[in-house]
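If you read the sequence shown in our numbering, its first letter stands for residue 1, the second for the next number, and so on. Just so you know, even glycine gets a beta-carbon here, dropped at the ideal spot from N, CA and C. The structure appears below as structure tokens.
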Amino acid sequence: MGIFDSGVGGLTVLRSCLAALSAEDFVYFGDTDKFPYGDRADDDLRERARLVGGWLTEAGAKLIVVACNTASAAALGTLQQELSIPVIGVMAPEARAAVQSTRNGRVGLMATEATVRSGSYERLILDNDAGVDVTSVACPALAPAIQRVEPYDDEIVRLVDEYTAPLREAGVDTVILGCTHYPLVEHLLRRMLPGVTLISSGEEIAREVTENLTRRELDRVDRLGTYRFACSGDAESFRAFGATFLQMPLGRIDEVDPSGLLAR
Ligand code: DGL
1 MGIFDSGVGG LTVLRSCLAA LSAEDFVYFG DTDKFPYGDR ADDDLRERAR LVGGWLTEAG
61 AKLIVVACNT ASAAALGTLQ QELSIPVIGV MAPEARAAVQ STRNGRVGLM ATEATVRSGS
121 YERLILDNDA GVDVTSVACP ALAPAIQRVE PYDDEIVRLV DEYTAPLREA GVDTVILGCT
181 HYPLVEHLLR RMLPGVTLIS SGEEIAREVT ENLTRRELDR VDRLGTYRFA CSGDAESFRA
241 FGATFLQMPL GRIDEVDPSG LLAR
């Protein structure tokens with residue numbers, strides 16, 4: 001199983017997959033040299049996704065999860081067309097779960113600027129139920145703030161308050177956490193959005209991948225799988241930030257240049 005993200009954030013998706021698919025082997029690629037993806041142009045995102053997708057295929061992946069919402073929004077279709085193995089993005093499972101969860105037909109989205117700009121979540125939600133009202137909030141400063149060494153300061157509280165204000169105003173009863181980093185501030189979000197159901201990609205994607213592998217008879221059983229990591233930036237900072245996101249030991253991390261598929 002190949003998983004990729006702009007950095008360490010996708011480890012929140014990997015940790016759900018490791019729990020739900022314990023027999024599978026995983027290789028995770030964090031494009032840390034290019035983090036954050038959130039303010040990059042679509043062409044740039046597609047180019048990176050192609051390189052990383054190619055690298056994961058070479059590494060032997062039988063299925064790729066694009067754990068990064070920003071990369072899913074810009075490049076999922078491209079990867080699905082160009083790669084010979086199944087490619088799953090985080091948006092469709094989250095959109096479906098949000099439509100199933102809402103009772104008042106008002107759904108909120110918190111995501112990076114590029115993800116909101118793509119309009120992908122709105123399209124997927126409206127495809128599931130054209131009657132749902134979507135309030136999207138771009139949160140450009142949130143993922144970088146969460147990734148700082150000591151993220152839990154007053155600034156993070158201020159940012160969460162600011163970004164959730166339009167959602168409180170709109171009276172949403174369900175909010176999609178449309179970025180891999182946001183589960184790390186889930187408790188703050190629950191405080192600021194009382195009574196609101198939060199949909200995060202980890203659990204939804206784990207369900208989707210399990211179904212996909214079973215349907216294709218590609219699933220493995222009766223063993224404990226392995227996991228390893230590669231990143232395009234510095235391996236030691238990946239390790240330092242990554243442990244918080246994965247909540248498991250990180251083990252092997254290779255520094256890789258995805259453009260040449262070469263270990264540095
Ligand atoms: N992985 C990105 C996402 O889910 C997080 C932040 C970024 O790279 O800007 O959108």
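For this session: Look up L167 in the DSSP assignment and say whether it is helix, strand or coil.
Result: helix
- Figure out for me which residue from D219, P258, S201 has the closest Cα to the Cα of G89. S201
Q) Any idea if T214 is buried or exposed, counting beta-carbon neighbours within 10 angstroms, 16 or more meaning buried? A) exposed
Which residue wins for smallest C-alpha separation from A73, given the options L83, E58, L45, E82?
L45
message: What does the alpha-carbon distance come out to for the pair R103 and D173?
response: 7 Å
Pairwise C-alpha distance: G60 and G2:
8 Å
Within the same chain, show all residues whose beta-carbon is closer than 6 Å to that of L51, passing over the 5 residues directly before and after it, in chain order.
-> P258, S259
Does DSSP put M248 in a helix, a strand or coil? coil
Notebook entry, point to check: Using the beta-carbon count (16 or more within 10 Å), is H187 buried or exposed?
Noted result: exposed
Could you spell out the range, first to last residue, of the beta strand (DSSP E) harbouring L109? 106–111
In chain order, which beta strand (DSSP E) runs of at least 3 residues are fully inside the stretch 108–158? 133–138
- Task: Give the single residue among R158, L218, E208 whose Cα lies nearest to the Cα of L189.
- Result: R158
Exercise. Cβ atoms of L63 and V185: under 8 Å apart, would you say?
Worked result: no
State yes or no: is the C-beta of V116 within less than 8 Å of the C-beta of A138?
yes
At a threshold of 7 Å, does N212 count as lining ligand 1 (C-beta to nearest heavy atom)?
no
Under a Cβ-count criterion, where at least 16 other Cβ atoms within 10 Å of its own Cβ denotes burial, should L224 be classed as buried or exposed? exposed
Margin query: Could you check whether A49 and D5 sit closer than 8 Å to each other, using their CB atoms as the reference points?
Written below: no
How about Q147 and G7: are their beta carbons less than 8 Å apart?
yes
Entirely within the stretch 31–77 and at least 3 residues each: give me those beta strand (DSSP E) ranges in chain order.
64–66
Where V221 falls, given that 16 or more other Cβ within 10 Å makes a residue buried: exposed
query = Can at least three beta-carbon pairs, one atom from the stretch 19–39 and one from the stretch 75–84, be found at a separation below 8 Å?
reply = no
Go through its chain and collect everything with a Cβ distance to T70's Cβ below 7 Å, but skip five positions before and after it.
-> S6, Y37, G38, L45, T112, A114, T115
- Run through the stretch 174–241 for me and flag every whole alpha helix (DSSP H) of 4 or more residues, listed as ranges in chain order. 186–192, 201–215
Measure the alpha-carbon distance for D43 versus I199 and round it to whole angstroms. 28 Å
_For the beta strand (DSSP E) containing V8, name the first residue and the last one._
No beta strand (DSSP E) holds V8; DSSP gives it neither H nor E.
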